[in-house]
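K.L.:
Just so you know, the sequence shown maps onto residues 9 to 271 in our numbering.
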Amino acid sequence: MYSKKNSFGRSDFPEGFLFGTASSAYQYEGARNEAPRGESVWDTFVRKYPERNCYSNADQAIEFYNHYKDDIQRMKDINMDAFRFSISWPRIFPLGKKSKGVNKEGIQFYNDLIDELLANGITPLATLFHWDTPQALEDEYSGFLSEEAVDDFKDFAALCFEEFGDRVKLWVTLNEPWVYSIGGYDTGRKAPGRASKYMNEAAVAGESGLEVYTVSHNLLLAHAEAVEIYDVYCLDYSVKMARSVSLIVPYGSSLMTRTALKT
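Quick look at the structure:
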């Protein structure tokens, strides 16, 4: 617990610092069969391995899709400055590719969400990829194991910048790509659940120690392509990657421990 001595407030942060909240499309939108949203690798993963996901799914979640106005009001009530949300790739491209159809209802949902945030004085911060690879692309070429995913992601990013870039000034290309790569392709504990048997006996396919690097490489290419196309639509705004950072505390004060910490 923090005492008053250790507490801090807004005045302790620099001017322009944004206090906000965040989530991701698969985790909170729900409305699985509305809009209509295509399948993502997470839809498949939770059905295929229910015991590894507490026998739950996000078909309903908190139903943000239908109740976003109520949740935005709650953000306003607690004085949030910003909201980071992710744009569901399979809700925009149900079959993963622009050439196979664009879901106008999905685009309208995010337009309405962005407008509602701005109307309530909340800065929208949009994430393009929070791990919900369209299942159609996983079936076609194994998702980000293939460099083909880079071009399809580029098309998705371009459409998002074109549709929403007039109002969204802060963008995240990828959410924690390290976690996605490790969890999905090394330990197999996250979608699409690929791993070697020595890493995860429940995994039915995968090659730990190899696929994780292939996926990481392709994710970095996707990030670079998105940043490049971003300049066409949103020249003076901000586009970043959200990284996972852990605080490492030394076990002791010995030279060996301190040296290990730095390496």
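Each residue gets a CB set at the ideal place from its N, CA and C atoms; glycine is no exception.
These numbers were taken from a predicted model, which means no experiment stands behind them.
For Pro-132, report the span of its beta strand (DSSP E) as first-last.
P.N.:
Start at 1 with the first residue of the sequence shown, and residue 132 comes out as number 124. Residues 131-137.
K.L.:
In the DSSP assignment, find the unbroken beta strand (DSSP E) run with Ser-94 in it and report its ends.
P.N.:
Position 86 of the sequence shown holds residue 94. First-last of the beta strand (DSSP E) with Ser-94: 90-94.
K.L.:
Terminal residues of the continuous alpha helix (DSSP H) containing Leu-167?
P.N.:
Locating residue 167 in the sequence shown gives position 159, counting from the first residue. 156-172 is the span of the alpha helix (DSSP H), which, as asked, contains Leu-167.
K.L.:
Report the three-state DSSP secondary structure of Tyr-10 (helix, strand or coil).
P.N.:
Translated into the one-based positions of the sequence shown, residue 10 becomes position 2. Residue placement at Tyr-10 is flagged as unreliable, the pLDDT there being 45, under the threshold of 50; a coordinate-derived value is accordingly withheld.
K.L.:
CA-CA distance, Tyr-36 and Ala-134?
P.N.:
Here the question's residue 36 lines up with position 28 in the sequence shown. Here the question's residue 134 lines up with position 126 in the sequence shown. Each residue's alpha carbon lies about 15 angstroms from the other.
K.L.:
Buried or exposed: Gln-116, going by 16 or more other Cβ atoms within 10 Å of its Cβ?
P.N.:
Translated into the one-based positions of the sequence shown, residue 116 becomes position 108. The residue is exposed, with fewer than 16 neighbouring Cβ atoms inside 10 Å.
K.L.:
Considering Cα atoms alone, identify which of Thr-195, Asn-87 and Leu-229 is closest to Ala-213.
P.N.:
Sequence index remark: in the sequence shown, residue 213 carries index 205 (1-based). If we check each option's Cα against that of Ala-213, Thr-195 comes out closest.
K.L.:
Does the distance from the CB of Pro-142 to the CB of Ser-32 come in under 8 angstroms?
P.N.:
The residue given as residue 142 occupies position 134 in the sequence shown. The residue given as residue 32 occupies position 24 in the sequence shown. In this structure, Ser-32 does not lie closer than 8 angstroms to Pro-142 by Cβ.
K.L.:
Between Phe-101, Gly-28 and Asn-208, which lies nearest to Lys-162 when the distance is taken from Cα to Cα?
P.N.:
Taking the first residue of the sequence shown as 1, we reach residue 162 at position 154. The shortest Cα separation from Lys-162 among Phe-101, Gly-28 and Asn-208 belongs to Phe-101.
K.L.:
Okay, do the region 199-217 and the region 230-248 touch, 3+ Cβ pairs below 8 angstroms being the bar?
P.N.:
Taking 8 angstroms as the limit for Cβ pairs, the verdict is that the region 230-248 does not touch the region 199-217.
K.L.:
Would you call the region 249-257 and the region 175-189 touching, i.e. three or more CB-CB distances under 8 angstroms?
P.N.:
Verdict: yes, contact present.
K.L.:
Tell me which same chain residues have a C-beta within less than 6 angstroms of the C-beta of Glu-155, skipping the five on either side of it?
P.N.:
As a working mapping, residue 155 is identified with position 147 in the sequence shown. Here the set comprises Asn-226.
K.L.:
Could you check the C-alpha separation between Leu-178 and Arg-82 for me, to the nearest Å?
P.N.:
Here residue 178 is taken as the residue at index 170 of the sequence shown, counted from 1. Here residue 82 is taken as the residue at index 74 of the sequence shown, counted from 1. Computed Cα separation, rounded: 22 angstroms.
K.L.:
Can you find the residues in the same chain that come closer than 7 angstroms, C-beta to C-beta, to Leu-145, ignoring five residues on each side of it along the sequence?
P.N.:
Within the sequence shown, the letter at position 137 stands for residue 145. Same-chain partners within the cutoff: Gly-104, Gly-151, Ala-157 and Asp-160.
K.L.:
Give me the Cα-Cα distance between Glu-233 and Leu-121, rounded to the nearest whole angstrom.
P.N.:
What you label residue 233 is simply residue 225 of the sequence shown in a count that begins at 1. What you label residue 121 is simply residue 113 of the sequence shown in a count that begins at 1. Glu-233 and Leu-121: Cα-Cα distance of roughly 26 angstroms.
K.L.:
Relative to the alpha-carbon of Leu-229, which residue among Phe-172, Ser-261 and Ala-165 has its alpha-carbon at the smallest distance?
P.N.:
By 1-based counting over the sequence shown, the position of residue 229 is 221. Nearest option by C-alpha distance: Ala-165.
K.L.:
Between the C-alpha atoms of Glu-42 and Phe-72, what's the straight-line distance to the nearest angstrom?
P.N.:
Looking up residue 42 in the sequence shown gives position 34. Looking up residue 72 in the sequence shown gives position 64. Answer to the nearest angstrom: the Cα atoms are 12 angstroms apart.
K.L.:
How many Å lie between Ile-190 and Ala-210 at the Cα?
P.N.:
Residue mapping note: residue 190 aligns to position 182 of the sequence shown, counting from 1. Residue mapping note: residue 210 aligns to position 202 of the sequence shown, counting from 1. C-alpha separation (whole angstroms): 16 angstroms.
K.L.:
Identify the continuous beta strand (DSSP E) that holds Asn-183 and give its terminal residues.
P.N.:
Here the question's residue 183 lines up with position 175 in the sequence shown. 178-183 is the extent of the beta strand (DSSP E) around Asn-183.
K.L.:
Looking at Met-88: is its Cβ nearer than 8 angstroms to the Cβ of Gly-28?
P.N.:
Along the sequence shown, one-based indexing puts residue 88 at 80. Along the sequence shown, one-based indexing puts residue 28 at 20. It is a contact, given that the beta carbons lie within the stated cut-off.
K.L.:
Please go through the same chain and pick out, in chain order, the residues whose beta-carbon is closer than 7 angstroms to the beta-carbon of Asn-74, but skip the five residues on each side of it.
P.N.:
Indexing the sequence shown from 1 puts residue 74 at position 66. The answer, listed in chain order, is Ala-39.
K.L.:
Compute the distance between the beta-carbons of Trp-139 and Tyr-188, then report whether it is under 8 angstroms.
P.N.:
What you label residue 139 is simply residue 131 of the sequence shown in a count that begins at 1. What you label residue 188 is simply residue 180 of the sequence shown in a count that begins at 1. Taking 8 angstroms as the Cβ cut-off, Trp-139 and Tyr-188 qualify as a contacting pair.
K.L.:
Tell me, to the nearest whole angstrom, how far the beta carbon of Tyr-63 is from that of Glu-124; I am working on the premise that it is less than 8 angstroms.
P.N.:
For the purposes of this step, residue 63 is taken as residue 55 along the sequence shown, with counting starting at 1. For the purposes of this step, residue 124 is taken as residue 116 along the sequence shown, with counting starting at 1. Actually they do not touch by this definition, with Cβ atoms about 34 angstroms apart.
K.L.:
From Ser-11 to Phe-21, what does the alpha carbon distance come to, in whole angstroms?
P.N.:
Working through the sequence shown from its first residue, we reach residue 11 at position 3. Working through the sequence shown from its first residue, we reach residue 21 at position 13. In this prediction, Ser-11 scores a pLDDT of 49, lower than 50, which makes its location untrustworthy; no coordinate-derived value is stated.
K.L.:
What residue from Arg-99, Trp-97 and Asp-79 has the CA that sits closest to Ser-90's CA?
P.N.:
Residue 90 sits at position 82 when you count from the first residue of the sequence shown. Per the sequence presented here, residue 90 reads as Ala, with Ser not at that position. Selected option, being the one with the closest Cα: Asp-79.
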